[in-house]
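**Q** Attaching a single structure in structure tokens format; questions to follow.
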Amino acid sequence: MLLFCPGCGNGLIVEEGQRCHRFACNTCPYVHNITRKVTNRKYPKLKEVDDVLGGAAAWENVDSTIPNMLLPLCMFMRLFTKKKKKPFNY
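Note that this note's numbering has the sequence shown beginning at 5, numbered continuously upward.
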């Protein structure tokens, strides 16, 4: 959490005062004593997994391995990150 000085707008630092910790500004004489616990939590909205990977339609024409008795079917797709598609060297 980052707090800003109301006087000059610079970021406040936490320093140890005579009786308690306090927020202080390095450039102006602003000081605010901390008398209680200060917390601030932000929980971002997470994307669905289908939105990230392209949904069910993106997995229709993908390569797959032949399953054996011990392992389930494995599907994979090649993602190109460059503009020009170069051939794969195996």
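Every residue gets a Cβ at the ideal spot worked out from N, C-alpha and C, and that includes glycine.
Which term fits Phe8, buried or exposed, when burial requires 16 or more other beta carbons within 10 angstroms of its beta carbon?
**A** Its Cβ having fewer than 16 others within 10 Å, Phe8 is exposed.
**Q** Within this structure, are the beta carbons of Thr31 and Asn14 separated by less than 8 Å?
**A** Yes; because the gap between Cβ atoms is below 8 Å, this pair is in contact.
**Q** What are the residues that DSSP puts in a beta bridge with Arg26?
**A** DSSP output for Arg26 lists Glu19, Asn37 as bridge partner(s).
**Q** Return the CA-CA distance between His36 and Leu50, expressed in angstroms with no decimal places.
**A** In a straight line, the C-alpha of His36 is about 35 Å away from that of Leu50.
**Q** Quick check on this structure: which residue in Val18, Pro10, Ala61, Gly11 has the alpha carbon closest to the alpha carbon of Val42?
**A** Checked all of Val18, Pro10, Ala61, Gly11; the closest Cα to Val42 is Val18.
**Q** Can you find the residues in the same chain that come closer than 7 Å, C-beta to C-beta, to Thr39, ignoring five residues on each side of it along the sequence?
**A** Excluding positions up to five away in sequence, the list reads Cys24.
**Q** By Cβ distance, which residues of its chain are closer than 6 Å to Gly11, with the 5 residues on each side in sequence left out?
**A** Cβ neighbours of Gly11 beyond the five flanking positions: Cys32, Tyr34.
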